[in-house]
Ligand SMILES: Nc1ncnc2c1ncn2[C@@H]1O[C@H](COP(=O)(O)OP(=O)(O)OP(=O)(O)O)[C@@H](O)[C@H]1O
Ligand code: SF4
Ligand SMILES: [Mg+2]
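In the working numbering, the protein residues as written are 20 to 349.
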């Protein structure tokens, strides 16, 4: 049976109202997310990539209703999460978890690992106190840690072990969906591989769906079912992993992928690398039309005037670019 959407994100917008100037005298709006349309399919790993500040974390936070959406919908189990109060969100919080880059920010230094993992179980009344110890032992086992770790404190663990604990804590609620926001970025490369394999094993065991946010495109290529490319608060392209890496259509995706060194030195020497010119414009005053037009090597007149339509260039391959479909080559 083909996968069903677990979450349907429709026209999601998140603007932050900020005050600028030495005395906060000027009001301004950060266009962090604009018109995001996205289905997240059951059991998939959907990765989001793009330069710093393009809105990846804001997407994760707004989907989980940790940031209140400015407008748009996040449909889950027949409800629009974006409209729910924190109290109404409570039954859904169990299903929807997040793992951050820095496990220290998630773990209370004064709680033992057992207490940290047990806390959400007791909060959501998922088992009674008599069963709690066994449940914690099972969860520690799931993330490859021995039962004795339940008595330890976060500072007694390595970075990789702490991230395993954070994953166990997220799993404690038997979630359906986990946002992994740079969950492996702070770890040593060898430990990163272990945590990625752990995430993949857990996905298979528990049928989890991931929104995976990462900078490292090699990791994204390894772990993803589909990949979404964001630029300045908008989706530029969304496709299966193989289509995105094998046949990128959007000029920004091409430039992003071209920045990744090839592991084959021969291929690396013969490559025609595309260097992105200039900085990402400010989200306080994003460019009109296609937000990439100020840096795009093939920008046309229309690009600064009209927002490109989010269209399906090939089955399941979505892109927002006026040039796609006109035989453009970058
Ligand atoms: N709480 C906030 N208040 C005001 N602006 C914010 C807030 N959170 C994020 N932003 C702004 O929204 C935009 C998107 O930020 P976001 O953190 O989602 O980017 P990101 O793609 O996750 O970047 P990074 O790769 O650096 O983590 C940025 O311009 C950021 O400065
Ligand atoms: S719409 Fe225009 S500016 Fe934007 S990526 Fe396509 S060609 Fe470049
Ligand atoms: Mg981020």
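The beta-carbon is built from N, C-alpha and C at its ideal position, and this holds for glycine as well.
Please confirm whether residue 295 and residue 274 have their CB atoms less than 9 angstroms apart. Residue 295 is a Cβ neighbour of residue 274, given a cutoff of 9 angstroms.
What is the residue span of the beta strand (DSSP E) that residue 116 lies within? It spans 115 to 118 - the beta strand (DSSP E) in which residue 116 sits, taken as one unbroken run.
Shortest alpha-carbon distance to residue 82 belongs to which of 101, 89 and 202? For residue 82, the nearest C-alpha among the options comes from 101.
Check the C-beta distance from residue 47 over to residue 57 and give it rounded, since I have them as a contact under 8 angstroms. With a Cβ gap of about 27 angstroms, residue 47 and residue 57 do not count as contacting.
Return the CA-CA distance between residue 266 and residue 22, expressed in angstroms with no decimal places. Taking the straight line joining both Cα atoms gives about 23 angstroms.
In terms of residue numbering, what span does the alpha helix (DSSP H) encompassing residue 45 cover? Counting along the chain, residue 45 sits inside no alpha helix (DSSP H); it lies in the beta strand (DSSP E) bounded by residues 45 to 60.
By Cβ distance, which residues of its chain are closer than 7 angstroms to residue 154, with the 5 residues on each side in sequence left out? Here the set comprises 140 and 146.
Among residues of its own chain, excluding the 5 on either side of residue 312, which ones have a beta-carbon nearer than 7 angstroms to its beta-carbon? 306, 318, 322 and 323.
By a C-beta neighbour count over all protein chains shown, 10 Å radius and 16 as the cutoff for buried, is residue 344 buried or exposed? Counting Cβ neighbours within 10 Å, residue 344 comes out exposed, since fewer than 16 surround it.
Looking only at its own chain, which residues have a Cβ that is under 8 angstroms from the Cβ of residue 119, when we skip the five neighbours before and after it? So the list reads 125, 185, 200, 201 and 202, once near-sequence residues are dropped.
Rounded to whole angstroms, what's the CA-CA distance from residue 213 to residue 240? Just pull it up for me. Counting only the Cα atoms, residue 240 lies some 16 angstroms from residue 213.
Rounded Cβ spacing between residue 131 and residue 95 (contact assumed at less than 8 angstroms): Contact check for residue 131 and residue 95: beta-carbon distance about 33 angstroms, past the 8 angstroms limit, so the pair fails to qualify.
Does DSSP put residue 147 in a helix, in a strand, or in coil? In the three-state reduction of the DSSP assignment, residue 147 falls in the coil class.
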